[in-house]
Amino acid sequence: MLRRQSLRESAARTYARSLPIVPVRARGLTIEGADGRRYLDCLAGAGTLALGHNHPVVLEAIRKVLDSGAPLHALDLATPVKDAFTTELFTTLPRPLADHARIQFCSPAGTDAVEAALKLVRTATGRGGLLAFTGAYHGMTAGALDASGGASNARVTRLPYPLNYRCPYGVGGERGAELAARWTESLLDDPKGGVPAPAGMIVEPVQGEGGVNPAPDSWMRRMREITAARSIPLIADEVQTGVGRTGAFWAVEHSGIVPDVMVLSKAIGGSLPLAVIVYRDDLDVWQPGAHAGTFRGNQLAMAAGTATLTYVRENRLAERAALLGGRMLARLQGLAADHPTIGDVRGRGLMIGVELVDPEREDPQTGTATAAPALATAVQRECLRRGLIVELGGRHSSVVRLLPPLTLTDEQAVAVLDRLADALAAAER
Ligand code: PMP
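Heads up, the sequence shown is in the numbering used here, so the first residue is 17 and it goes up one at a time.
As structure tokens, then:
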């Protein structure tokens, strides 16, 4: 039965191809397959599960709505469940934004919230161009895809995202980030530079799919300065970095900047689909119906999201992510000292990346070792054999990514890294 279903599924599927697991039960960090095997899940719904699978507070919140007889689908109507979600979300948001912000519920995926944000700034500024970054990922619908990775086009000007490792200019660090900022300024101010009047700039404070690239705080502040000085709305895509993941409730808090628009999804729905944008109220020039969507009123997702946000806030899970993530990074750096195949270890909080390389071959452009996607795939496979689910990412698919739940215990963190270390040793053989 299962086999027949999966045969019907298109080859466009991704996880089903790389992770041959048929999950039937899950709790916390653990997923159990139909064959009875248990896995530590460090993919966690592509970073969605801040509290892990089926956390009791999330299940309780969902049950409460089910038992109350409330409508499960309420479109745009005001409901107590929606009000509780909005109130809790605004409690967590950076103050200066929350004090003067509107929320727009979107069709429930990150990519639709990105579309809404792009449309909003284009409508509000009356301009068309967009500033986006190399290595970015914002989703799979047309506008979001335009803003992701890839080459520039008529509507999108691609700017350099600061990379510490494998910096294309061979600089990296704070200095590289400052040069990237100056390049951005010179491009915007060059009267013949060909940058179409930008309606906004969209940025991930830590690139996730792009290979876990944390932007230096100084660079985030420069992007804020540069956009503010030119009246360009700054959109922070916190779809993946939000809700404690990076060691602050929202990743923009690390640099202290206040964006004009925040794009939120994944963890805000507590494992159910939910996506919103929050934006400065003076940008709210939309007419009714300007960004519609049938599935914007999912009460279960809002209740699960409220429970998640409250739990992360009350239990200070962002601080916990910072502490535990720091320890995990330190251990991985130790591992790198023994394994020349680890080119770089980086991350912020519990958003961690291990870039695998071929130490024998130098990349002439950056002077670093070349990326090793085949080794990364082998490590992923060996992890799976040892009961550990990891994700791959980065430009060359050579970065092993860990996005564990923020509820990860010390013992679980050790188990995850033990298995990863074993898997790497096996894959190298
Ligand atoms: N923005 C970022 C930063 C993301 O990481 C993702 C998903 N990985 C998206 C947008 C798109 O979200 P979705 O897959 O829910 O459309």
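Note that CB positions come from ideal geometry on N, CA and C, so glycine has one too.
- Query: For A215, which of helix, strand or coil comes out of DSSP?
  - Reply: strand
- Which one of I37, A337, V130 has the shortest CA to CA distance from G403? I37
- Query: Can you name the residues that DSSP bridges to N229?
  - Reply: Q223
- Beta-carbon spacing of P214, L136 below 8 Å: no
- Just checking my contact of G410 with T384 at CB under 8 Å: how many whole Å lie between their CB atoms? G410 to T384, Cβ: 13 Å. No contact.
- Message: Considering only their Cβ atoms, is the gap separating R261 from A231 smaller than 8 Å?
- Response: no
- Contact under 8 Å by Cβ, A286 with V40: The sequence shown places Gly at residue 286, rather than the Ala named in the question. For G286 and V40, no; Cβs fall outside 8 Å.
- Item | heavy atom of ligand 1 below 7 Å from E225 C-beta | yes
- Message: In this structure, how does DSSP classify Y327 when only helix, strand and coil are distinguished?
- Response: helix
- Message: Just checking Y181 against ligand 1 - is the residue's beta carbon closer than 7 Å to any of the ligand's heavy atoms?
- Response: no
- Item | Residues bridged to V277 [DSSP beta-bridge criterion] | I251, Y295
- Message: Going residue by residue through the region 319 to 390, where are the continuous beta strand (DSSP E) segments of at least 3 residues, counting only ones entirely within it?
- Response: 358 to 364, 367 to 378, 385 to 387
- Message: Going by C-alpha to C-alpha distance, which of D298, W302, A431, P112 sits closest to R347?
- Response: Residue A431 is the option with its Cα nearest to R347.
- Best match in A394, E330, H116 for proximity to A441 [C-alpha to C-alpha]: A394
- Task: Find out if the Cβ-Cβ distance for the pair V406, G369 is shorter than 8 Å.
- Result: no
- Task: Kindly indicate the opening and closing residues of the beta strand (DSSP E) around G145.
- Result: 145 to 149
- Check whether the Cβ atoms of V81 and L316 lie closer than 8 Å to each other. A Cβ-Cβ contact shorter than 8 Å links V81 with L316.
- If we ignore side chains and look at the alpha-carbon of each, how far apart do T322 and L299 end up? 26 Å
- Query: Is it buried or exposed for E378, if we count other Cβ within 10 angstroms and need 16 for buried?
  - Reply: exposed
- Query: Where R401 and L351 are concerned, what is the direct C-alpha to C-alpha distance, given to the nearest angstrom?
  - Reply: Annotation: R401 to L351 spans about 20 Å, alpha carbon to alpha carbon.
- Message: Using the three-state DSSP reduction, which class does R240 fall into: helix, strand or coil?
- Response: helix
- Message: DSSP three-state label for T200, please.
- Response: helix
- State the Cα-Cα distance for the pair S26 and L35, rounded to the nearest angstrom. 15 Å
- Message: As a quick exercise: from E371, P221, L325, pick the residue whose alpha carbon is nearest that of H412.
- Response: E371
- With a CB to CB cut of under 8 Å and the five nearest residues on each side skipped, what residues in its chain are close to D99? none
- Task: Check whether the Cβ atoms of I167 and P178 lie closer than 8 Å to each other.
- Result: Looking at the sequence provided, one finds Ala at residue 167 rather than Ile. The answer is no: Cβ separation not under 8 Å.
- Item | Through-space distance from E76 to G85, alpha-carbon basis | The straight-line gap from Cα to Cα measures roughly 15 Å.
- Message: Judging by CA-CA distance, which residue of G305, R33, F101, G68 is the nearest neighbour of L422?
- Response: G68
- Message: By the three-class DSSP mapping on this structure, what secondary structure does L404 have?
- Response: strand
- Would you check whether ligand 1 has a heavy atom nearer than 7 Å to the C-beta of S26? No, the Cβ of S26 stays beyond 7 Å of every heavy atom of ligand 1.
- Identify whether V259 lies in helix, strand or coil by the three-state DSSP scheme. coil
- Task: Just grab the DSSP bridge partners of G63 for me.
- Result: Looking at the DSSP assignment, G63 forms no beta bridge with any residue, so it has no partner.
- Message: Buried or exposed, going by whether 16 or more other CB atoms sit within 10 Å of the CB of T103?
- Response: Classification of T103: exposed, given that the 10 Å Cβ count is below 16.
- Taking contact to mean at least 3 C-beta pairs separated by less than 8 Å, is the region 252 to 271 in contact with the region 328 to 343? yes
- Query: To which residues does DSSP link D57 through a beta bridge?
  - Reply: I405
- Are the region 179 to 193 and the region 152 to 168 in contact at 8 Å, needing three or more beta carbon pairs? no
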